[in-house]
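Visitor: Protein chains in written order, with my numbering: chain A, 298 to 766; chain B, 298 to 766.
Quick one: structure below, then a few questions.
Protein chains: 2
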Amino acid sequence: MSEKPIWGEDYDLVVVGSGFAGLAAAIEAKQAGASVIVLEKMRIPGGNSAISGGLLAVAGSPLQQREGIEDSPELLFKDMMVAGMDLNHPVLARLVAEKSPEILEWTQTFLGVEYSDNLNYLGGHSVARTYATANGTGSGIIKPMLAKCRELEIPVQMKTLLCSLLKDDSGRVEGVEVRRDYLFPNRDSGQLQRIRARRGVVLACGGFSRDVAFRMTQDPRLNEKIDSTNQLGATAEALVLALQAGATPIHLSWIQMGPWASSDEKGWGVGSMFTLLAGFPYGIMVDAKTGKRFVNEGADRRLRTDAMLITDRIPVAIVDSEGVKNATTLESCLKRGVVKAFGSIEELANFNHIPLVPLQETLERYHLSLAHGRDAEFGKPLAADLKPIEHPPFYSIRLLPKVHHCMGGIQINAQAQVIDIADHQPIPGLYAAGEITGGVHGASRLGSTAIVDCLIFGRIAGQNAAADI
Amino acid sequence: MSEKPIWGEDYDLVVVGSGFAGLAAAIEAKQAGASVIVLEKMRIPGGNSAISGGLLAVAGSPLQQREGIEDSPELLFKDMMVAGMDLNHPVLARLVAEKSPEILEWTQTFLGVEYSDNLNYLGGHSVARTYATANGTGSGIIKPMLAKCRELEIPVQMKTLLCSLLKDDSGRVEGVEVRRDYLFPNRDSGQLQRIRARRGVVLACGGFSRDVAFRMTQDPRLNEKIDSTNQLGATAEALVLALQAGATPIHLSWIQMGPWASSDEKGWGVGSMFTLLAGFPYGIMVDAKTGKRFVNEGADRRLRTDAMLITDRIPVAIVDSEGVKNATTLESCLKRGVVKAFGSIEELANFNHIPLVPLQETLERYHLSLAHGRDAEFGKPLAADLKPIEHPPFYSIRLLPKVHHCMGGIQINAQAQVIDIADHQPIPGLYAAGEITGGVHGASRLGSTAIVDCLIFGRIAGQNAAADI
Chain A
298 MSEKPIWGED YDLVVVGSGF AGLAAAIEAK QAGASVIVLE KMRIPGGNSA ISGGLLAVAG
358 SPLQQREGIE DSPELLFKDM MVAGMDLNHP VLARLVAEKS PEILEWTQTF LGVEYSDNLN
418 YLGGHSVART YATANGTGSG IIKPMLAKCR ELEIPVQMKT LLCSLLKDDS GRVEGVEVRR
478 DYLFPNRDSG QLQRIRARRG VVLACGGFSR DVAFRMTQDP RLNEKIDSTN QLGATAEALV
538 LALQAGATPI HLSWIQMGPW ASSDEKGWGV GSMFTLLAGF PYGIMVDAKT GKRFVNEGAD
598 RRLRTDAMLI TDRIPVAIVD SEGVKNATTL ESCLKRGVVK AFGSIEELAN FNHIPLVPLQ
658 ETLERYHLSL AHGRDAEFGK PLAADLKPIE HPPFYSIRLL PKVHHCMGGI QINAQAQVID
718 IADHQPIPGL YAAGEITGGV HGASRLGSTA IVDCLIFGRI AGQNAAADI
Chain B
298 MSEKPIWGED YDLVVVGSGF AGLAAAIEAK QAGASVIVLE KMRIPGGNSA ISGGLLAVAG
358 SPLQQREGIE DSPELLFKDM MVAGMDLNHP VLARLVAEKS PEILEWTQTF LGVEYSDNLN
418 YLGGHSVART YATANGTGSG IIKPMLAKCR ELEIPVQMKT LLCSLLKDDS GRVEGVEVRR
478 DYLFPNRDSG QLQRIRARRG VVLACGGFSR DVAFRMTQDP RLNEKIDSTN QLGATAEALV
538 LALQAGATPI HLSWIQMGPW ASSDEKGWGV GSMFTLLAGF PYGIMVDAKT GKRFVNEGAD
598 RRLRTDAMLI TDRIPVAIVD SEGVKNATTL ESCLKRGVVK AFGSIEELAN FNHIPLVPLQ
658 ETLERYHLSL AHGRDAEFGK PLAADLKPIE HPPFYSIRLL PKVHHCMGGI QINAQAQVID
718 IADHQPIPGL YAAGEITGGV HGASRLGSTA IVDCLIFGRI AGQNAAADI
């Protein structure tokens with residue numbers, strides 16, 4: 298390390314990753330007067346953020362006020378801790394809950410993001426508090442963020458792979474070595490170049506859900522046969538570099554499967570949003586083998602996934618025309634055959650090979666629960682606007698859990714500084730935000746808390762790194 | 298790294314840690330003709346191994362044969378995977394199960410270890426399969442191992458702290474930097490010295506149960522108020538060095554609490570063995586507040602601990618004179634006041650502030666379960682030799698879960714080679730065994746599988762490192 302590197306370029310901040318966290322960091326840093334570049338290894342910007350569901354949990358929002366729903370950051374914090382089995386780092390989780398109204402406002406006022414006019418009641422949440430982007434995906438936020446980067450003249454440089462974190466003699470991260478014109482996944486493509494980061498490097502390059510070899514070290518069951526909702530670039534190289542640089546690994550073995558993904562398409566697809574916004578909250582999930590429900594459709598992701606993965610179970614979600622009103626992706630689901638529509642429950646049962654009589658009994662029992670306002674059998678929280686599943690057309694979607702989110706990653710503090718494993722102090726010049734970090738979500742992430750997490754800590758990382766001299 | 302280190306001493310193998318794994322590695326290496334030194338940072342050898350319960354799970358043993366108990370490595374493997382929530386690396390877990398009879402034989406024939414003449418039926422195991430050393434602690438194995446080291450002229454050097462793992466230009470671990478005359482926990486004490494390891498370094502220096510700062514990064518609940526059964530030297534320095542050298546961290550957030558520890562003494566004490574061998578298998582555990590049982594006393598450690606930690610619960614185990622026949626530490630428990638003896642259930646209830654009538658009802662229900670051969674309420678497996686708790690004196694022990702075992706650590710393969718996080722290949726010259734490794738036990742370790750784990754992988758590490766040129 299004693300030979301001085303020759304820098305090809307020079308910025309105050311180098312941000313690695315062009316999703317929610319990375320773009321938020323870059324925008325904040327630039328606004329604070331720092332020069333900044335965003336590096337993205339793939340051919341297009343946005344990573345998983347762009348293909349995500351675009352859902353934001355907000356504790357205390359205008360829509361909640363309109364609907365008369367009482368909520369508080371404390372309640373969201375508690376929900377996050379329950380799902381996280383109390384493994385969450387409380388300081389980080391609390392920050393997400395507290396700043397969620399501010400971040401919603403920032404996306405609306407500063408970025409001009411548009412949201413649907415209704416709230417969603419997602420599994421594991423105590424109340425309905427989830428906003429959805431008007432276009433039903435995270436691109437509804439990523440596109441305005443990219444426009445803001447152009448406006449602020451922040452370069453977002455594609456096909457650039459992080460290869461090394463460079464430290465000076467004092468141990469401070471002073472820059473990065475990258476491969477430019479990198480063609481994923483060819484590790485030998487492109488040319489090496491060094492970029493100096495005078496004030497800091499922000500790692501905002503996501504999780505490792507698509508990195509089969511890495512994820513199998515943490516959970517040997519997640520072999521190549523298990524699909525993922527993530528884009529192909531969700532691999533572990535940058536995480537490994539951070540760990541090699543002394544970052545503290547936390548909760549790496551907590552890898553979340555998404556219970557709402559469909560077996561009739563690859564990846565996240567269009568079906569996941571359908572199940573999230575219609576199938577689970579307004580419908581029921583049954584085992585096609587038995588016609589019976591088997592889990593609270595509103596439970597947290599871990600509980601639902603564990604129940605769905607029991608051998609030989611074939612989970613199918615069923616909902617009717619009343620229940621699909623929030624389902625932003627219904628049309629594309631029908632077009633691609635991921636969701637099927639039927640004129641009657643008989644036809645639906647027949648197509649899905651579900652025994653009819655048990656299914657009818659299941660529906661009757663569920664409707665009785667609705668009438669009583671309490672799901673005695675599985676404890677699903679029943680929203681006030683829930684109606685019996687009896688208005689054709691009826692819709693079904695076949696489900697299969699897929700690797701969705703890495704709760705674990707590198708440890709940060711409330712300033713988004715990366716924590717050294719040896720002395721539990723910040724590694725000078727190194728920041729991180731988003732899915733590459735661990736601790737916010739503990740053992741299991743609540744749905745719709747990832748985007749707020751990414752935006753909040755991305756902004757914090759950008760602000761603090763810009764002020765880091 | 299380009300300047301050649303000056304070596305103070307020179308061995309084929311440097312073994313760090315003088316517990317089961319380290320001594321097993323050293324003995325095997327020396328027998329294979331390698332020169333070897335064992336380094337121990339504390340003032341006395343044996344680490345946690347010496348103060349452990351001395352319990353070995355063996356699948357297919359002479360005692361099982363005598364008792365007519367059918368068992369197999371496959372069944373032990375399955376029990377380990379169930380407790381481990383399938384996060385175990387199957388290759389490693391299977392090896393422990395398969396080699397358990399061989400390791401028992403090795404300790405008896407080669408080391409001369411003496412065991413009690415009866416099997417123990419521990420929580421989470423499908424059958425009674427656990428041997429206990431005749432003296433009721435791990436020292437019953439550590440002492441013969443130390444004697445073997447003297448016989449083989451293996452130096453076991455106390456007060457020597459590992460400070461660095463030294464790699465040559467090719468990335469091979471070629472030695473260690475240590476502090477000699479180190480006085481735990483003073484990190485500045487002693488003198489630096491480098492020891493060359495021509496064939497390999499074996500890390501066998503245990504878990505981090507006593508390292509509050511480190512364990513809190515993984516599980517923020519485990520603060521300084523939570524006691525541990527471990528010796529004070531169970532800290533994370535060597536684990537950190539291994540991770541800095543590129544080892545793969547796995548399952549670090551899975552930290553096991555021991556459900557059988559007593560609130561009336563510090564650490565592991567004498568009460569843990571009493572609860573393990575008498576209180577849980579032959580008695581019941583009630584909440585002193587209610588007089589009622591609340592969990593299967595034979596469940597795995599995680600389930601019992603979770604149930605015991607519910608706010609305001611005061612767990613007390615109760616057993617009678619028939620149930621304490623295997624309790625090797627009964628006398629010392631009584632002498633130290635950790636276990637109390639009473640002439641009647643009334644006196645026991647009175648002393649422990651347990652409401653008498655509910656406690657009597659609990660006992661009646663439990664005795665009814667014994668008569669029916671099935672614990673319908675909590676599913677405790679009822680051994681054939683279980684008798685009603687009705688023969689005075691009656692014994693009680695107050696319980697409090699304490700941090701006991703770190704399931705997580707660095708990844709090894711079946712050859713005990715440490716796996717690099719970047720390429721998932723062995724780090725040349727680096728081996729590990731015992732609690733510093735992760736993967737064997739997954740999410741939760743079954744009782745009495747640690748010693749077999751340590752001895753088996755310690756021997757493998759020693760054999761393979763000795764042959765590593």
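The beta-carbon is built from N, C-alpha and C at its ideal position, and this holds for glycine as well.
#1: So the candidates are A:Lys522, A:Glu521, A:Gly564 and A:Leu500; which of them puts its Cα closest to the Cα of Ser349 of chain A?
#2: Does the beta carbon of Val313 of chain A sit closer than 8 Å to a beta carbon anywhere in chain B?
#3: Would you please verify whether the beta carbon of Gln252 of chain A is less than 8 Å from any beta carbon of chain B?
#4: Considering only DSSP beta bridges, list what Gly530 of chain A is partnered with.
#5: Between B:Pro482, B:Asp603, B:Ile523 and B:Asn623, which has its C-alpha nearest Gly580 of chain B's C-alpha?
#6: Buried or exposed: Asn527 of chain B, going by 16 or more other Cβ atoms within 10 Å of its Cβ?
#7: Distance cutoff 8 Å, beta carbons only. Does Gln553 of chain B sit that close to anything in chain A?
#8: Whole angstroms are fine: how far does the CA of Phe407 of chain B sit from the CA of Gly420 of chain B?
#9: Please decide whether Pro517 of chain A counts as near chain B, where near means a Cβ-Cβ distance under 8 Å.
#10: How is the alpha helix (DSSP H) around Cys502 of chain A delimited, first residue to last?
#11: Helix, strand or coil: which one does DSSP assign to Ile275 of chain A?
#12: Could you tell me the alpha carbon to alpha carbon distance between Ala533 of chain B and Glu471 of chain B, rounded to whole angstroms?
#13: So is Val616 of chain A buried or exposed if we call it buried at 16+ other beta carbons inside 10 Å?
#14: Rounded to whole angstroms, what is the Cα-Cα separation between Ser560 of chain A and Phe639 of chain A?
#15: Which term fits Leu519 of chain B, buried or exposed, when burial requires 16 or more other beta carbons within 10 angstroms of its beta carbon?
#16: Within 8 Å of any Cβ in chain B, is that where the Cβ of Pro243 of chain A sits?
#17: Measuring alpha carbon to alpha carbon, tell me which of B:Pro556, B:Ile748 and B:Gln712 ends up nearest Leu696 of chain B.
#18: Taking Cβ positions only, does Asp547 of chain A come closer than 8 Å to chain B?
#19: With H, G and I counted as helix, E and B as strand and the rest as coil, what does DSSP make of Gln722 of chain B?
#20: Pull up the distance between the alpha-carbon of Gly705 of chain B and that of Gly736 of chain B, whole angstroms please.
#21: Count the C-beta pairs between the segment 427–442 of chain B and the segment 638–653 of chain B that are closer than 8 Å, then say yes if the count reaches three, no if not.
#22: Tell me which same chain residues have a C-beta within less than 6 Å of the C-beta of Thr545 of chain A, skipping the five on either side of it?
#23: Taking 8 Å as the cut-off, decide whether the C-beta atoms of Ile611 of chain B and Tyr308 of chain B are in contact.
#24: Touching or not, the segment 449–462 of chain A and the segment 474–489 of chain A, by the rule of three or more beta carbon pairs under 8 Å?
#25: Which same chain residues, not among the five before or five after Trp292 of chain A, have their C-beta less than 6 Å away from its C-beta?
#26: Under 8 Å, CB to CB, which of the residues in the segment 376–393 of chain A have a partner in chain C?
#27: Hey, out of A:Gln712, A:Glu371, A:Tyr479 and A:Glu628, whose CA is closest to Leu489 of chain A's CA?
#28: Using only CA atoms, which one of B:Ser745, B:Glu337, B:Ala322 and B:Ala585 lies nearest to Val424 of chain B?
#29: So what does Arg695 of chain A bridge to, in DSSP terms?
#30: For Thr434 of chain B, I'd like the list of residues in its chain whose CB is within less than 6 Å of its CB, leaving aside the five on either flank, ordered along the chain.
#31: Can the beta-carbon of Ile753 of chain B be found less than 8 Å from the beta-carbon of Lys327 of chain B?
#32: Can you have a look at Ala711 of chain B and say buried or exposed, based on whether 16 or more other CB atoms are within 10 angstroms of its CB?
#33: Who are the neighbours of Val537 of chain B on chain A, taking C-beta pairs under 7 Å?
#34: Since Ser467 of chain A meets chain B, which of its residues come closer than 9 Å, beta carbon to beta carbon?
#35: Report back the beta-carbon spacing between Gln553 of chain A and Ser358 of chain A to the nearest angstrom; my notes put them in contact at under 8 Å.
#36: For Gly759 of chain B, collect the residues of the same chain with a Cβ closer than 6 Å to its Cβ; drop the 5 residues on either side in sequence, then sort them by chain order.
Guide: So, from the listed chains and residues:
#1: Within the first sequence, numbered from 1, the residue matching residue 349 of chain A stands at position 52. Among A:Lys522, A:Glu521, A:Gly564 and A:Leu500, the Cα nearest to that of Ser349 of chain A is on A:Gly564.
#2: Residue 313 of chain A sits at position 16 when you count from the first residue of the first sequence. No, Val313 of chain A does not count as interfacial toward chain B.
#3: Absent from the structure is residue 252 of chain A, since the part of chain A shown begins at 298 and ends at 766.
#4: In the first sequence, the residue the question calls residue 530 of chain A occupies position 233. Beta-bridge pairing links Gly530 of chain A to no other residue.
#5: As a working mapping, residue 580 of chain B is identified with position 283 in the second sequence. Ranking the options by Cα distance to Gly580 of chain B, first place goes to B:Asn623.
#6: To locate residue 527 of chain B, count along the second sequence from 1; it is residue 230. Result: buried.
#7: The sequence position of residue 553 of chain B within the second sequence is 256, counting from 1. For Gln553 of chain B, the answer is no, since every Cβ of chain A falls outside 8 Å of its Cβ.
#8: Position 123 of the second sequence, counting from 1, holds the residue named residue 420 of chain B. Position 110 of the second sequence, counting from 1, holds the residue named residue 407 of chain B. Those two C-alpha atoms are separated by around 30 Å.
#9: Stepping through the first sequence from its first residue, residue 517 of chain A is reached at position 220. Yes, because at least one Cβ of chain B sits closer than 8 Å to the Cβ of Pro517 of chain A.
#10: For the purposes of this step, residue 502 of chain A is identified with residue 205 of the first sequence, where counting begins at 1. It is not in any alpha helix (DSSP H) - Cys502 of chain A carries neither H nor E in the DSSP assignment.
#11: Residue 275 of chain A lies beyond the stretch modelled for chain A, which goes from 298 to 766, so this question has no answer here.
#12: The residue you call residue 533 of chain B lines up with position 236 of the second sequence. The residue you call residue 471 of chain B lines up with position 174 of the second sequence. Taking the straight line from one Cα to the other gives about 22 Å.
#13: Counted from its first residue, the first sequence places residue 616 of chain A at position 319. Burial call: buried.
#14: Locating residue 560 of chain A in the first sequence gives position 263, counting from the first residue. Locating residue 639 of chain A in the first sequence gives position 342, counting from the first residue. Their backbone Cα atoms lie some 19 Å apart in a straight line.
#15: As a position in the second sequence, residue 519 of chain B is number 222, starting the count at 1. Burial call: buried.
#16: Nothing in the structure corresponds to residue 243 of chain A, since chain A is present only between 298 and 766.
#17: Taking the first residue of the second sequence as position 1, residue 696 of chain B is located at position 399. When B:Pro556, B:Ile748 and B:Gln712 are compared, the shortest CA-CA separation from Leu696 of chain B is found for B:Pro556.
#18: Counting from one through the first sequence, the residue named residue 547 of chain A turns up at place 250. Note that residue 547 of chain A is Ile in the sequence shown, not Asp. Taking Cβ atoms only, chain B reaches closer than 8 Å to Ile547 of chain A, which makes this a yes.
#19: Translated into the one-based positions of the second sequence, residue 722 of chain B becomes position 425. Coil, per DSSP.
#20: Along the second sequence, one-based indexing puts residue 705 of chain B at 408. Along the second sequence, one-based indexing puts residue 736 of chain B at 439. For Gly705 of chain B and Gly736 of chain B, the distance between alpha carbons rounds to 7 Å.
#21: no
#22: The count along the first sequence starts at 1 and reaches residue 545 of chain A at position 248. Correct list, in chain order: Gln708, Ile716 and Ile718.
#23: Here residue 611 of chain B refers to the residue found at position 314 of the second sequence. Here residue 308 of chain B refers to the residue found at position 11 of the second sequence. Not a contact, by the Cβ cut-off of 8 Å.
#24: By the Cβ rule, the segment 449–462 of chain A counts as touching the segment 474–489 of chain A, because three or more pairs are nearer than 8 Å.
#25: Residue numbering for chain A in the displayed model covers 298 to 766; residue 292 of chain A lies beyond these limits and cannot be assessed.
#26: No chain C is present in this structure, whose protein chains are A and B.
#27: Counted from its first residue, the first sequence places residue 489 of chain A at position 192. Of A:Gln712, A:Glu371, A:Tyr479 and A:Glu628, the residue nearest in Cα terms is A:Tyr479.
#28: Stepping through the second sequence from its first residue, residue 424 of chain B is reached at position 127. The residue with the shortest Cα to Cα distance from Val424 of chain B is B:Ser745.
#29: Position 398 of the first sequence, counted from the first residue, corresponds to residue 695 of chain A. According to DSSP, Arg695 of chain A bridges with A:Val613.
#30: One-based indexing of the second sequence puts residue 434 of chain B at position 137. If we look at Thr434 of chain B and ignore the five residues flanking it on each side, its Cβ neighbours are Gly351.
#31: Stepping through the second sequence from its first residue, residue 753 of chain B is reached at position 456. Stepping through the second sequence from its first residue, residue 327 of chain B is reached at position 30. No, the pair does not count as a contact, with Cβ atoms beyond the cut-off.
#32: Here residue 711 of chain B refers to the residue found at position 414 when the second sequence is read from its first residue. The residue in question, Ala711 of chain B, is exposed, as its Cβ has fewer than 16 Cβ neighbours within 10 Å.
#33: The count along the second sequence starts at 1 and reaches residue 537 of chain B at position 240. The contacting residues are Ile718 and Ala719.
#34: Position 170 of the first sequence, counted from the start, is the residue given in the question as residue 467 of chain A. Ordered by position in chain B, no residue passes the 9 Å Cβ test against Ser467 of chain A, which lies about 17 Å from the chain.
#35: One-based indexing of the first sequence puts residue 553 of chain A at position 256. One-based indexing of the first sequence puts residue 358 of chain A at position 61. Not confirmed; about 25 Å, so no contact.
#36: For the purposes of this step, residue 759 of chain B is taken as the residue at position 462 of the second sequence. Counting only Cβ-Cβ distances below 6 Å, and skipping sequence neighbours, we find Ala322, Glu325 and Ala326.
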